[in-house]
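What follows is one structure encoded as C-alpha cells, with my remarks underneath.
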Amino acid sequence: ASPAAVERPGHRGGGAAVGLQDLQDSLAELRSLYSSRLKETLERQRELQDLQGTVDQQSQQAIDLATRLKEDLEDALRARLALRRSAESPTSPAGAGSAEVHTMQMVLGELRDLLALGGQPR
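Per our numbering: the sequence shown = residues 478 to 599.
Here's what the structure looks like:
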C-alpha cells in the first residue's frame, strides 16, 4: 500500500474522509445561514404587510374625509346660492357674487377629480 493510503493514528481515515467532513460542516453552516435569512425575510414581509394595511386604511380614511368635505362644500354652495337668490331684487345688478360662485365651482371640480382618482396621486 502506498504511504498516503495508510491510516495514521489520530487521523480520520485519510483525505477523502476529511474532505467529506468539511463538506458536511459547510452544508450545516449554509443550512443554518439559510434558515436565519429565511426567518428575517419572513419577518420583514410581515412588517411590510402590516405597513401596507396601515397605508390602505389611511388612504380610505382620506377618501372618506374628502368625500364628506365635497358634500359639505356642495351643501354650502347650494345654501349660498339660495340665500343670494332670496336676497336678489329686481334692482340688484346681474352677476353679483359670480366670482365667489365660480371659485366654489372650481374647488368642487378639483374635489370631484380627486375622488374620481380614488385618492391616488396622478
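Where is the CB? At the ideal position from N, CA and C, for every residue including glycine.
Whether residue i touches residue j by CB criterion (8 Å)
| i | j | result |
| --- | --- | --- |
| I540 | G595 | yes |
| L528 | V584 | no |
| A543 | L592 | yes |
| K547 | L507 | no |
Three-state class that DSSP yields for residue i in the structure shown
| i | result |
| --- | --- |
| G586 | helix |
| L594 | coil |
| E565 | coil |
| V483 | For V483, the predicted model reports a pLDDT of 45, less than 50, meaning its position is unreliable; a value from the coordinates is still stated below. Looking at V483 - three-state DSSP - the assignment turns out to be coil, as it is neither helix nor strand. |
Cβ-based neighbour list, residue i, same chain, cut-off 6 Å, excluding 5 preceding and 5 following
| i | result |
| --- | --- |
| L554 | M581 |
Residue i CB to nearest heavy atom of the ligand ATP below 7 Å
| i | result |
| --- | --- |
| T580 | Because no ligand of any kind appears in the structure shown, any question about the ligand ATP cannot be addressed here. |
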